[in-house]
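Position in the sequence shown (first residue = 1) + 597 = our numbering. Heads up, the thing below is written out as structure tokens.
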Amino acid sequence: MKKLIFVAALFLFQYTAVWSKEQPMVQIEYVLKQLGEKLQKGEYKSLKVLLSSQFRVGKYPADQTDKVVPQLLSQAKFEDVKFADIEQKNGKVYASIKLTMAGGNALVGKVKLNEYLEIERLGIFDQLLENPDPVAYELAKPTSAIHVTITRSAGMMFIKVKVNGSRDLNFLFDTGAAITVVDTKTAAELGLKTETDKLKVGSSSGIGSFQTFIDPVFTVGGVNVKAVNGITSDMSGFTRIFGLPVAGIIGQDLLRDLLVEVDLDQNQLNIYNGGNLDWKPGQSAQFKMRFSSGTPKIKLNIFTEGESHIGEYLFDTGAGAGLAVNGFYNFKYKIKDGLQQVMSSKSLDLAGHQSESMTGKIKGVKLGGYTLNNPQASVSAEPESQLTAQREAGLLGMGILDRFNMLFNNQQSVVSMSPNGTFNDPFVPVYQLGLGLSWLGAEQFVVSNLNTMGKAYLAGLRNDDQILKVNGNAPAVLNDIVKELKTLNKADLKLEVKRGQTVQIITLKKLSV
598 MKKLIFVAAL FLFQYTAVWS KEQPMVQIEY VLKQLGEKLQ KGEYKSLKVL LSSQFRVGKY
658 PADQTDKVVP QLLSQAKFED VKFADIEQKN GKVYASIKLT MAGGNALVGK VKLNEYLEIE
718 RLGIFDQLLE NPDPVAYELA KPTSAIHVTI TRSAGMMFIK VKVNGSRDLN FLFDTGAAIT
778 VVDTKTAAEL GLKTETDKLK VGSSSGIGSF QTFIDPVFTV GGVNVKAVNG ITSDMSGFTR
838 IFGLPVAGII GQDLLRDLLV EVDLDQNQLN IYNGGNLDWK PGQSAQFKMR FSSGTPKIKL
898 NIFTEGESHI GEYLFDTGAG AGLAVNGFYN FKYKIKDGLQ QVMSSKSLDL AGHQSESMTG
958 KIKGVKLGGY TLNNPQASVS AEPESQLTAQ REAGLLGMGI LDRFNMLFNN QQSVVSMSPN
1018 GTFNDPFVPV YQLGLGLSWL GAEQFVVSNL NTMGKAYLAG LRNDDQILKV NGNAPAVLND
1078 IVKELKTLNK ADLKLEVKRG QTVQIITLKK LSV
């Protein structure tokens, strides 16, 4: 009966919490008292009642809590538990906790409760795993940051990462990836310990099975980040289309406990030594992120002729598109009918699934108080017979996101965005060229995946043409070509290409924005 009364009381507190901006202190103290008693008993079954479904410890995801926490409780016997310094901030509750163990040793840390007064993080458990207290980090004001250079290529962001103390490797910075990926060949070279079981990972176009590796340590700018596991996949296709050796992808499993700034004005990724930063006051907007399947989603408003639609989109720095709308959302709102200057296109995901879409310009996209006019959008060409209802409308990619500097505070499920120096640049419809590029190594760049209806094909380009010069200059990296293509709103572009044994000049005509 006592257990039923407690559960009912806790439900009442949760129900009240939904409607209260600030929780009554008596309710907070009651929950903390229950937490202290259950920690002293050391019984996970009774403690679990207080934990959020998102509760996790260290590098372990929430679905492994049932395995990790009982082991920690068996290691440490707590004789006394005290709480102090209770504060409410950003809809959460924080408190200091001191646990005295048998023998007199004490652990001091922080505890975090969500808006339902469920325990979201308990820093002492992280300390028992010899990790920093993530709640203390979240509350600390940063005094310094580690700066990591961002390399831009084909519209994407790459940073240097070490794996288990390896040499520096190029990793794609991908907020749309739930788990970190290492190239299969690179993993073998590094001797990463792989498991026999494969992990199924979903994407927008299907599910793939990937070999996993265990207990990696990733180093970014001198900061070591541990993960339970990662997956391996052949990244050679990414290397060809992005124009540099791609050794992996940084996923959300490495970002979740760090305050990370992406400064595209300076091409720097900054990792702060505390999570409580007043970032660009008056010059930025905050967006609440909803995490599902380990990846963040935010709401935005898209405009077509005479209509607007608010939807939830995957926040995906690993996607080149500005905006991609899924088949169900298009079926529901007929987004494709509002596209201008439409072309068909194809894309390939990490699992090797190919998807078709229609790409064009829409009237606008609104993110909070920021409006961007005439951006590119892709609409899935998925057959109606295959459509299933989805909560997300699609994804928001680098075609729009690269106009912002960003601060990721995943512990508070918030991303802050501030327009960078490219915010007001026109959206040049390069997609109308129907042109793909591939890097063959050294300074060899060839035309690939040409759309025969695109302006590049109609101008005379053909697959496998080797690009020697762009407006008289030999490209050193693939990104040199990409940057020149984005100037097609200003003037024609002359390409010197080698086809077989002959050299030809192909002129790409100026594009209207």
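The beta carbon of each residue, even a glycine, is placed where N, CA and C say it ideally should be. These figures come from a predicted structure and were not determined experimentally.
In the DSSP assignment, Phe839 falls within the alpha helix (DSSP H) that extends over 833-839. Contact check between the segment 782-793 and the segment 810-830: three or more CB pairs, one atom from each, fall below 8 Å, which counts as touching. Ranking Ser649, Lys642, Met1003 by CA distance to the CA of Leu856 puts Met1003 first. Between the segment 781-788 and the segment 863-871 there are fewer than three inter-stretch CB-CB distances shorter than 8 Å, so the stretches are not counted as touching. Between the alpha carbons of Val745 and Ser643 lies a gap of roughly 44 Å. In the structure shown, Ile997 falls within a helical segment according to DSSP collapsed to helix, strand and coil. The residues Ile743, in chain order, have a CB closer than 7 Å to that of Gly819 in the same chain once the five nearest residues on each side in sequence are set aside. Fully enclosed beta strand (DSSP E) runs of no fewer than 3 residues occupy 1033-1036, 1042-1045 of the segment 1028-1066, in order along the chain. Around Thr809, the same chain offers Glu792, Leu796, Asn826, Ile828 as residues with beta carbons nearer than 6 Å, after the five sequence neighbours per side are excluded. Cβ-Cβ distances below 7 Å link Met995 to Gly752, Met753, Thr914, Ala916, Gly917 in the same chain, with the five nearest sequence neighbours on each side left out; the list follows chain order.
Taking C-alpha positions only, Gln1101 is separated from Phe1020 by approximately 36 Å. Across the set Ala1071, Lys759, Val922, the C-alpha of Ala1071 shows the shortest separation from the C-alpha of Val1094.
The shortest C-alpha to C-alpha distance from Met1050 to any of Tyr926, Gln1029, Phe1024, Gly773 is the one to Gln1029.
Sorting Met622, Val939, Ala775, Glu858 by C-alpha distance to the C-alpha of Ala974 places Val939 at the top.
In the structure shown, Asp677 adopts extended strand secondary structure according to DSSP, grouped into three states. Pairing Thr748 with Ile694, the inter-Cα distance amounts to about 42 Å. Only residues of its own chain outside the window of five on either side were considered, and among them Ser649, Gln651, Phe652, Lys689, Lys709, Leu710, Asn711 have a CB closer than 8 Å to the CB of Glu717, listed in chain order. Between Lys931 and Met955, the C-beta gap is not smaller than 8 Å, which leaves the two residues out of contact. Excluding sequence positions up to five before and after Leu1055, its CB lies less than 6 Å from no other CB in the same chain. Taking a contact as a CB-CB distance under 8 Å, the pair Arg988 and Glu909 counts as one, their CB atoms being some 6 Å apart.
In the DSSP assignment, Met622 falls within the unbroken alpha helix (DSSP H) covering 622-638. Excluding five sequence positions before and after Val1079, the CB atoms of its chain that fall closer than 6 Å to its own CB belong to Ala751, given in chain order. Under the three-pair Cβ rule at 8 Å, the segment 769-785 counts as touching the segment 888-900. Between Asn761 and the set Phe755, Val779, Leu769, the nearest pair of CA atoms involves Val779. Straight through space, the alpha carbons of Lys630 and Val678 are spaced by roughly 9 Å. Under the three-state reduction of DSSP output, Asp771 falls in the coil class, being neither helix nor strand.
Comparing alpha carbon positions, the residue from Phe1001, Lys674, Glu676 closest to Gly1018 is Phe1001. If you check the CB distance, Gly957 and Leu936 come in under 8 Å. Non-local C-beta neighbours of Glu619 in its own chain, meaning closer than 7 Å and more than five positions away in sequence, comprise Gln685, ordered along the chain.
Taken in chain order, the complete alpha helix (DSSP H) segments of 4 residues or longer contained in the segment 878-952 are 924-930.
Cβ contact annotation for Trp876 (same chain, cutoff 6 Å, sequence separation greater than five): Leu1004, Ser1013, in chain order.
In this structure, the alpha-carbon of Thr901 lies about 59 Å from that of Gln637. DSSP places Val745 inside the beta strand (DSSP E), whose first and last residues are 742-746.
Setting aside the 5 residues that flank it on each side, Pro667 is surrounded in the same chain by Tyr641, each with a C-beta closer than 7 Å to its C-beta; the list follows chain order.
In this structure, the beta-carbon distance from Gly633 to Ala737 does not fall below 8 Å. DSSP places Gly706 inside the beta strand (DSSP E), whose first and last residues are 703-710.
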